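Written below as structure tokens is the structure these notes are about.
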Amino acid sequence: DAGVIQSPRHEVTEMGQEVTLRCKPISGHDYLFWYRQTMMRGLELLIYFNNNVPIDDSGMPEDRFSAKMPNASFSTLKIQPSEPRDSAVYFCASSLADGATNEKLFFGSGTQLSVL
Amino acid sequence: QKEVEQNSGPLSVPEGAIASLNCTYSDRGSQSFFWYRQYSGKSPELIMSIYSNGDKEDGRFTAQLNKASQYVSLLIRDSQPSDSATYLCAVNRFSGGYNKLIFGAGTRLAVHP
Chain A
71 DAGVIQSPRH EVTEMGQEVT LRCKPISGHD YLFWYRQTMM RGLELLIYFN NNVPIDDSGM
131 PEDRFSAKMP NASFSTLKIQ PSEPRDSAVY FCASSLADGA TNEKLFFGSG TQLSVL
Chain B
18 QKEVEQNSGP LSVPEGAIAS LNCTYSDRGS QSFFWYRQYS GKSPELIMSI YSNGDKEDGR
78 FTAQLNKASQ YVSLLIRDSQ PSDSATYLCA VNRFSGGYNK LIFGAGTRLA VHP
């Protein structure tokens, strides 16, 4: 298996533009997570899905952020409109379980987002 | 108070020494504890998990857990330059009927030859 695949690896955009980040989880993993990492705030959980259903979206910063998982092999995280404070590395991860018990998270390579 | 706290470092140790990384957490209900390693520019990867009080050893790594003190640590024996990375402590939080993993901000370790 190729692991968790994220695209794009880097995204540079201007404030106000829409940004869409994409993720393909490992086949057979029922859980998918979106994390954001910054120097100031560390690695924050934004949202996670179980069997394509959002379970916890309490970490989504505000209405400008939305995430979807239309099927077991694809998820998107959208920011509209983007702001400079959204600049961060966004990681997608997948797991056989919730990652907080006895199954590890497998992280993708991340998307480095820069909003100018 | 942050839910999972770590000293940001950098923690600098000479090659061959023992590196000691510490983490405290605020939720007394937490039951699962993890250490992830993240090389610069890379994604986190799990290196240790621990669920019971005491020590758990895996090669050069030892995780220690003290639930009464709400304290988790990671010891790296015979530190190598290849161990230079940021080490993230992660703890489960169970609320609303489901679990989630909360990460600390990480401690940067630098092992110098």
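First to last, the sequence lines map onto chains A and B.
Numbered according to our numbering, the first sequence terminates at residue 186, and the numbering increases by one at each position without gaps.
Numbered according to our numbering, the second sequence terminates at residue 130, and the numbering increases by one at each position without gaps.
A virtual CB, placed ideally from N, CA and C, is assigned to each residue, including glycine.
Model, not experiment: these values are computed from the prediction.
Alpha-carbon to alpha-carbon, residue j and residue i
{"i": "Lys84(B)", "j": "Leu91(B)", "result": "15 angstroms"}
{"i": "Asp156(A)", "j": "Ser69(B)", "result": "38 angstroms"}
{"i": "Leu186(A)", "j": "Glu153(A)", "result": "8 angstroms"}
{"i": "Ile75(A)", "j": "Thr79(B)", "result": "31 angstroms"}
{"i": "Val89(A)", "j": "Ala137(A)", "result": "12 angstroms"}
{"i": "Arg79(A)", "j": "Asn122(A)", "result": "23 angstroms"}
{"i": "Ser143(A)", "j": "Lys94(A)", "result": "5 angstroms"}
{"i": "Tyr88(B)", "j": "Gly169(A)", "result": "20 angstroms"}
{"i": "Gly123(B)", "j": "Glu20(B)", "result": "13 angstroms"}
{"i": "Gly98(A)", "j": "Ala167(A)", "result": "11 angstroms"}
{"i": "Pro151(A)", "j": "Phe135(A)", "result": "9 angstroms"}
{"i": "Tyr115(B)", "j": "Gly58(B)", "result": "31 angstroms"}
{"i": "Gln100(A)", "j": "Leu183(A)", "result": "Reading the sequence as shown, one finds Asp at residue 100(A) and not Gln. Using only the alpha carbons, I get a separation of about 26 angstroms."}
{"i": "Arg45(B)", "j": "Asp100(B)", "result": "31 angstroms"}
{"i": "Ala102(B)", "j": "Gln55(B)", "result": "6 angstroms"}
{"i": "Ala127(B)", "j": "Arg77(B)", "result": "16 angstroms"}
{"i": "Ile119(B)", "j": "Val159(A)", "result": "17 angstroms"}
{"i": "Leu113(A)", "j": "Tyr105(A)", "result": "6 angstroms"}
Residue i at chain A interface by Cβ criterion, 7 angstroms
{"i": "Ala122(B)", "result": "yes"}
{"i": "Lys84(B)", "result": "no"}
{"i": "Pro130(B)", "result": "no"}
{"i": "Pro98(B)", "result": "no"}
{"i": "Tyr115(B)", "result": "yes"}
{"i": "Leu28(B)", "result": "no"}
{"i": "Leu91(B)", "result": "no"}
{"i": "Ser43(B)", "result": "no"}
{"i": "Ser112(B)", "result": "no"}
heavy atom of the ligand ADP below 6 angstroms from residue i C-beta
{"i": "Gln87(A)", "result": "In the structure shown, the ligand ADP is absent, as is every other ligand, since no ligand is present at all."}
Supposed contact pair residue j and residue i - C-beta distance, whole angstroms, cut 8 angstroms
{"i": "Phe176(A)", "j": "Ile96(A)", "result": "6 angstroms"}
{"i": "Glu81(A)", "j": "Thr146(A)", "result": "About 13 angstroms separates the two Cβ atoms, so there is no contact after all."}
{"i": "Ala36(B)", "j": "Ser86(B)", "result": "Wrong, their Cβ atoms sit about 20 angstroms apart, outside the cutoff."}
{"i": "Phe161(A)", "j": "Ser60(B)", "result": "6 angstroms"}
{"i": "Gln81(B)", "j": "Asp72(B)", "result": "5 angstroms"}
{"i": "Asp116(A)", "j": "Lys117(B)", "result": "Per the sequence presented here, residue 116(A) reads as Leu, with Asp not at that position. In fact, because the Cβ distance is near 11 angstroms, the residues do not count as touching under 8 angstroms."}
C-beta neighbour in chain B for residue i, strict 7 angstroms
{"i": "Ala142(A)", "result": "no"}
{"i": "Ser77(A)", "result": "no"}
{"i": "Lys174(A)", "result": "yes"}
{"i": "Thr171(A)", "result": "yes"}
{"i": "Leu186(A)", "result": "no"}
{"i": "Phe177(A)", "result": "yes"}
{"i": "Leu183(A)", "result": "no"}
{"i": "Gly112(A)", "result": "yes"}
{"i": "Gly73(A)", "result": "no"}
{"i": "Gly98(A)", "result": "no"}
{"i": "Gly86(A)", "result": "no"}
7 angstroms Cβ cutoff, residue i in contact with chain D
{"i": "Ser101(B)", "result": "Although the question refers to chain D, the structure presented lacks it and instead comprises the protein chains A and B."}
query: Can we say the stretch 125 to 136 of chain A touches the stretch 25 to 39 of chain B, given the rule of at least three CB pairs closer than 8 angstroms?
result: Contact between the stretch 125 to 136 of chain A and the stretch 25 to 39 of chain B is absent: fewer than three C-beta pairs spanning the two stretches fall below 8 angstroms.
- prompt: Between the stretch 125 to 138 of chain A and chain B, which residues of the former have CB atoms less than 9 angstroms from a CB of the latter, in chain order?
  reply: Correct list: Ile125, Asp126, Ser128, Gly129.
message: Taking beta-carbon pairs under 7 angstroms, can you tell me which members of the stretch 150 to 168 of chain A lie near chain B?
response: Listed by position along the chain: Phe161, Asp168.
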